[in-house]
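Structure, as structure tokens:
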Amino acid sequence: MKLINSKTVVVVLFVALVSTLGGCVPAPATSAWSSLLVAGDVLYTGSQAGRIYALNATNGVEIWRYPPASEKAGIGAVQGAPVLLDDTLYVGSEDGHVYALDIETGAQRWVFPRSDSIGLIYADLVIANGVLYVCSSDNNVYALDVADGTQIGKFRAENWIWGRPSVVGDKVYVASFDHHVYGLDANTWQKDWEFEAGAAFVGGPTVSGGLVYCGALDGKVYALDPSKAVNGRIQEPYREFETGHWVWASPLVVEDTLYVGSLDKKLYALDAAELTRKAVEFSTDGMITAAPAYANGLLYVSTESGHLYVLDATTLEEKARPFEAGKPILSSPVVAGDSVYISVLGDTIHALDAQTLAPLWPSVTLGR
Numbered sequence: 076m077k078l079i080n081s082k083t084v085v086v087v088l089f090v091a092l093v094s095t096l097g098g099c100v101p102a103p104a105t106s107a108w109s110s111l112l113v114a115g116d117v118l119y120t121g122s123q124a125g126r127i128y129a130l131n132a133t134n135g136v137e138i139w140r141y142p143p144a145s146e147k148a149g150i151g152a153v154q155g156a157p158v159l160l161d162d163t164l165y166v167g168s169e170d171g172h173v174y175a176l177d178i179e180t181g182a183q184r185w186v187f188p189r190s191d192s193i194g195l196i197y198a199d200l201v202i203a204n205g206v207l208y209v210c211s212s213d214n215n216v217y218a219l220d221v222a223d224g225t226q227i228g229k230f231r232a233e234n235w236i237w238g239r240p241s242v243v244g245d246k247v248y249v250a251s252f253d254h255h256v257y258g259l260d261a262n263t264w265q266k267d268w269e270f271e272a273g274a275a276f277v278g279g280p281t282v283s284g285g286l287v288y289c290g291a292l293d294g295k296v297y298a299l300d301p302s303k304a305v306n307g308r309i310q311e312p313y314r315e316f317e318t319g320h321w322v323w324a325s326p327l328v329v330e331d332t333l334y335v336g337s338l339d340k341k342l343y344a345l346d347a348a349e350l351t352r353k354a355v356e357f358s359t360d361g362m363i364t365a366a367p368a369y370a371n372g373l374l375y376v377s378t379e380s381g382h383l384y385v386l387d388a389t390t391l392e393e394k395a396r397p398f399e400a401g402k403p404i405l406s407s408p409v410v411a412g413d414s415v416y417i418s419v420l421g422d423t424i425h426a427l428d429a430q431t432l433a434p435l436w437p438s439v440t441l442g443r
């Protein structure tokens, strides 16, 4: 059953369209997706009801939740994937806060900001060189000390930043609804360069081989060469490739191949250097709003129609019958060992065999 007209998907895409056309609207509460992190035998995720969960990844049994069940009120909805460093889990929320939690108990260690709040956080969090990077719909990307949440730096774009940043060495790359990709200095928080496209960027940049890749709502994926910046601007992309609809999610690079999903319901495999087709694109039965996942020569592609596909990464041929979740899958699959995990609309988690997509344990709906 197709779910293209689900209320959540329509709301999210409508808001993006308004921004693309230059409208000024407040950042919405989309209640759209929750992303996953698997570390060892534990799966971490957030819910639309505003709680953060640790589940046993081998059977789906709840280990802890934050806030605990004894507290009636949750935090804001959690959309982006948490990130883990040592014994601390970091999570961003729609309530405009970042939470640092003990991975054993779920107890709060610190919260940023301590008073007030920043904008809604939709992006996955990123840690690099002991710094936690947070992108927000208040137009800012923040750099925080992982130890206590102290703000180290900040850069402000001209519109929302929904995609996760990419950090390579002392450079930070972010993309914004303001139609720009930015290259930043992680030490000074000054802008090294910017590139302007013809539409908004929703997903974050992907960096590989000296190039910065990003897909936009003009249906194009751009390859940018920072070395070509003149007077702080990249005037022309190094390469570009046009799909049949918006490119919502971040591209994925595996060796010399760039994988791009589009709302035209197709997955493209491109030469990463030239952005030319390496294989015939794979057609799904739904819009692709999340980046694919890769493991052991296989690609995992989720769609808003509620299907998960497993493909040969070279030929894009199907390797197993698609898994039908029955509801939209708006976040990326996560592969860990012999298992692949997905979160579907309604806060339901599925664990599947990575080869056959057969269920490994009964699905778990958070909060029940």
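Heads up, the numbering used here is the position in the sequence shown plus 75, with the first residue counted as 1. Using N, Cα and C, we set each Cβ at its ideal position, and we do this for glycine too.
Segment limits, beta strand (DSSP E) that includes residue i
i	result
K353	Segment: none, K353 is in no beta strand (DSSP E) and carries neither H nor E.
R314	314-317
P434	434-440
G336	332-336
E269	266-271
A232	Neither: A232 is in no beta strand (DSSP E) and is coded neither H nor E.
D260	255-260
F187	183-187
R140	137-141
H425	423-428
Y128	127-131
K246	246-250
N215	215-220
T120	117-121
H382	382-387
V328	327-329
V201	201-203
S414	414-419
V209	206-210
V242	241-243
A411	409-411
A175	173-177
T378	Careful: T378 lies outside any beta strand (DSSP E) and carries neither H nor E.
G167	163-167
L195	Taken as a continuous stretch (DSSP letters only), L195 belongs to no beta strand (DSSP E), as it is neither H nor E.
L342	341-346
L391	Note, L391: premise wrong, no beta strand (DSSP E); not H, not E.
V113	111-114
CA-to-CA distance, residue j to residue i, given in whole angstroms
i	j	result
T431	A411	14 Å
I138	V153	18 Å
D293	A182	43 Å
D428	A203	31 Å
M76	P397	With a pLDDT of 33 at M76, under the threshold of 50, the predicted position of this residue should be treated as unreliable, and no value is reported.
S407	S302	31 Å
D245	V439	40 Å
R140	I127	5 Å
I404	L374	15 Å
G149	V158	20 Å
E317	V296	6 Å
P437	G115	20 Å
G238	A433	31 Å
G307	E271	12 Å
W123	S418	Checking the sequence, you will find Gln at residue 123 rather than Trp. Spanning the two alpha carbons is a distance of roughly 12 Å.
H320	T180	44 Å
Y384	V376	5 Å
G121	Y334	27 Å
R184	A426	30 Å
T83	P280	Here the model assigns T83 a pLDDT of 45, short of 50, so the residue's position is not dependable, and the following value carries that caveat. In a straight line, the C-alpha of T83 is about 25 Å away from that of P280.
L219	D260	15 Å
S145	L160	27 Å
E393	Y197	31 Å
V329	L345	10 Å
G135	G401	19 Å
I227	E169	22 Å
Integer Cβ distance of residue i from residue j, believed to fall under 8 Å
i	j	result
E233	S251	7 Å
S192	G167	With 8 Å as the limit, S192 and G167 do not qualify as a contact, their Cβ atoms being about 11 Å apart.
T359	W323	Rounded, the Cβ-Cβ distance is 14 Å, inconsistent with contact.
L164	L176	5 Å
I236	N214	7 Å
G224	V249	With 8 Å as the limit, G224 and V249 do not qualify as a contact, their Cβ atoms being about 20 Å apart.
V243	V201	The Cβ separation is near 11 Å, so there is no contact.
Y416	V113	6 Å
L111	V409	5 Å
E399	H382	6 Å
G151	G125	5 Å
*Identify every run of the beta strand (DSSP E) within the stretch 271-305, keeping only runs that are complete inside it and at least 3 residues long; order them along the chain.*
281-283, 286-290, 295-299
*Does the stretch 328-340 come close enough to the stretch 277-293 to have 3 or more Cβ pairs within less than 8 Å?*
yes
*For the stretch 304-316 against the stretch 368-377, are there 3 or more C-beta pairs whose distance is under 8 Å?*
no
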